[in-house]
Amino acid sequence: MGDEFYYDIDMTTVSEGDFPAIETEMKKIVQARTPFERREVSKADALEFYKGEPYKLEMISDLKDGTISLYKQGDFTDLCRGPHIPNTGFIKAFKLTKVSGAYWRADQTKAQLQRIYGTAFFSKKDLEEYLYILEEAKKRNHRKLGTLLDLFSFHDEAPGMPFFHAKGMVVWNLLLQYWREEHQAAGYVETKTPIMLNRELWERSGHWENYRENMYFSKIDDYEYAIKPMNCPGGMLVYKTRPHSYKDLPIRAAEIGLVHRHELSGVLSGLFRVRAFHQDDAHIFMTPDQIKDEILGVLKLVERIYSTFGLGFHLELSTRPQRSIGTDKQWEQATLGLKSALAGYGKEYVVNEGDGAFYGPKIDAHIRDALKRTWQCGTIQLDMSLPDRFDLSYIGADNEKHRPIMIHRTIYGSIERFFGILVEHFAGRFPLWMAPVQAVVLPINDELLSYAREVTSRLQGKGLRCELDSRAESLNKKVREAQLMQIPLILTIGEKEKGAGALSVRTLDGKVNYGIDYDRFFEQVLDHIVKRRLDLNVFSN
RNA sequence: GCCGGCGUAGCUCAGCAGGUAGAGCAGCUGAUUCGUAAUCAGCAGGUCGGCGGUUCGAGUCCGCCUGCCGGCUCCA
């Protein structure tokens, strides 16, 4: 798995305090240059060899008949497909990294084993490089930067539910503003549905049966309500408020919906995994022959939006899970629809059998973050069940009632998660267009305060998010703090600037651009913002 | 939910083997008026996550709860 390895052992608990002792022992094994000897045996022989070892026996009996490979190294023989390095001396650098519990065969009902993680390389340099990246990733951690930059916070009073601060909301609103621009251009309309809906609705949608353990409930006037974990049932009700003609389709109805899901306490993780979040949802209602084009349209929108942030992604197709609603035929048709759209898009994708939602197969877009983890953000889920359950219809050219096809889709996925990914992706250094504070004005001394005030309001008048640092601190200190707060345009105001009617602009790459007149400043800055450019030095050309 | 680790001032962290809390930064006040990453001085700031227990005495030991972190599982 990537750069790391792990080994599960059924034993009393291990902690990181035990690592030095284990590593010393590992060092001995490496120094001994013990060879690995591969041996192929029959399944029966393997079962005989490992009698008394229940875990190995279970693994072996699940393997196909035929030869099974064993690797012997000293007095230890392990079951492994291989290949292995010739001897233990080939390991030039290694380190144990973490320890955790892991269920046997990832099954909660089975025994919990001790899983020890480590990493190993053919050279010390490679190991150091790997550890350096881990270190860098720690610095970019969105939880730390969120506190430092005053973007958001978490409180014991609402575990897993983020509080966005004033500066965080600036970024939030810009993300949505951009999103609305793109969606309007792509032919979407926007809707909004309530957070609480009654139990009957969730029974009708199938969530009561399939998703109840993740939902929050409330009782009002003797009626049971659920706080929505998904937006779709509400969207169904909106669709049903009036008859639809085939001429109206496709209807692309977006909704920034606030959903709540009771996730297990142990899985919460900053903005990446929360219990309350906003989805940039949309439900597209269409005729069967529009499936391919509509999905292709979403894929193109995904690509367009991610590229604005300089983010890469890959696609995964997930098929029917064990627990699901709908008929075999519906699933087949739905899965085929997604596959043909993917083929039309032409980009390679991964297939996850049995990983779909309970109401339909899906295509997920995964972004790669600064910690090298991939995060599912965008998702396109074809749903041939809900339209049935809610008896959706449209009138076709034949003047008959037909069932529309529906997809659910997101692009940011969870706005909270996407926000967190962006914080790490940019290391807190947002591009000019989305920076909470775009410019700060630093007067060199108090004599220049009133002029600096004028400059500040002049910039604000042009729509720039600009602040004045009027504190009686040294210029050095104010520059330092502006840099640390990742403010993209740092403007110092001294006699020179006042006299020449020009600006000295320091950008976040540390470069200072002297003598920029106001016309040029506004022209280049506003152009940079409008184009949502990603580069730091606004005046580079 | 499960396994492991944590929880000391707004932030980052000290606090040795139980004797009753400390630093830097931030904040406030005053002085300084400075040309591109920390001017100086003073002041203030903590029921040491919560509850209970052991003890003459608990931030330090034990138990439970809670939250966070890393995994398992799950997932937007």
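When you read off a place in the first sequence, starting at 1, and then add 9, the result is the number in the numbering used here. In this text, a Cβ means the ideal position worked out from N, Cα and C, and glycines have one as well. For clarity, every value in this text was computed on a predicted model and none was experimentally measured.
Check, Outcome
"Is the stretch 280-300 touching the stretch 411-431 in the sense that three or more CB pairs, one from each, lie closer than 8 angstroms?", "yes"
"Going along the chain, which unbroken runs of the beta strand (DSSP E) with 3 or more residues stay wholly within the stretch 440-491?", "448-452, 475-477"
"Measure the C-alpha to C-alpha separation of residue 138 and residue 100 and round it to an integer number of angstroms.", "16 angstroms"
"Starting from residue 432 and walking both ways along the alpha helix (DSSP H), at which residues does that stretch end?", "424-434"
"Would residue 368 be called buried (16 or more neighbouring beta carbons within 10 Å of its own) or exposed?", "buried"
"Is DSSP giving residue 52 helix, strand or coil here?", "helix"
"I'd like to check one pair, residue 83 with residue 105: are the Cβ atoms closer than 8 angstroms?", "no"
"Is it right to say residue 205 is buried, meaning 16 or more other beta carbons lie within 10 angstroms of its own, or is it exposed?", "exposed"
"By how many angstroms is the C-alpha of residue 226 removed from the C-alpha of residue 232?", "11 angstroms"
"Going by DSSP in three states, residue 502 sits in which element: helix, strand or coil?", "strand"
"Please list the segments of the beta strand (DSSP E) lying wholly inside the stretch 322-386, counting only runs of 3 or more residues, in order along the chain.", "322-327, 358-361, 371-377"
"Can you tell me whether residue 537 is buried or exposed? The criterion is at least 16 other CB atoms within 10 Å of its CB, across all chains shown.", "buried"
"For the ligand HEM, any of its heavy atoms closer than 7 angstroms to the Cβ of residue 78?", "This structure lacks the ligand HEM; in fact it carries no ligand of any kind."
"How is residue 199 classed by DSSP in three states: helix, strand or coil?", "strand"
"Using CA coordinates, which residue listed in 193, 236, 184, 199 is at the minimum distance from residue 208?", "236"
"I need the straight-line Cα distance from residue 166 to residue 172, nearest angstrom please.", "11 angstroms"
"Relative to the C-alpha of residue 465, which candidate in 52, 449, 335 has its C-alpha closest?", "449"
"Using the Cα positions of residue 301 and residue 397, report the straight-line distance between them to the nearest angstrom.", "21 angstroms"
"At the level of alpha carbons, what is the spacing between residue 316 and residue 541?", "11 angstroms"
"With 16 as the cutoff for other CB atoms within 10 Å, does residue 18 come out buried or exposed?", "exposed"
"Using DSSP bridges, identify the partner residues of residue 44.", "96"
"Opposite residue 226 in the DSSP bridges: which residues?", "235"
"Is residue 154 closer than 8 angstroms to residue 176 when the C-beta atoms are compared?", "no"
"Which parts of the stretch 126-164 are runs of the alpha helix (DSSP H), unbroken and 4 residues or longer, counting only runs that do not cross its ends?", "133-149, 151-157"
"Determine which residues share a DSSP beta bridge with residue 264 and list them.", "290"
"What are the partner residues of residue 207, as DSSP defines its beta bridges?", "234"
"So what's residue 527 in DSSP terms, helix, strand or just coil?", "helix"
"Report all residues from its chain with a CB closer than 7 angstroms to the CB of residue 453; omit the five preceding and five following residues, and keep chain order.", "484, 501, 502, 503"
"By Cβ distance, which residues of its chain are closer than 7 angstroms to residue 10, with the 5 residues on each side in sequence left out?", "Only weak support is given to the placement of residue 10: the predicted model assigns it a pLDDT of 36, under 50, and the value that follows is read from those uncertain coordinates. Hits under 7 angstroms: none found."
"So residue 513 is in the alpha helix (DSSP H); what residue range does that whole segment cover?", "No alpha helix (DSSP H) holds residue 513; the beta strand (DSSP E) holding it covers 511-515."
"Could you give the first and the last residue of the continuous alpha helix (DSSP H) run that contains residue 68?", "63-71"
"Tell me the rounded alpha-carbon separation between residue 362 and residue 469.", "54 angstroms"
"Taking residue 316 as part of the alpha helix (DSSP H), name the residues at either end of that continuous run.", "300-317"
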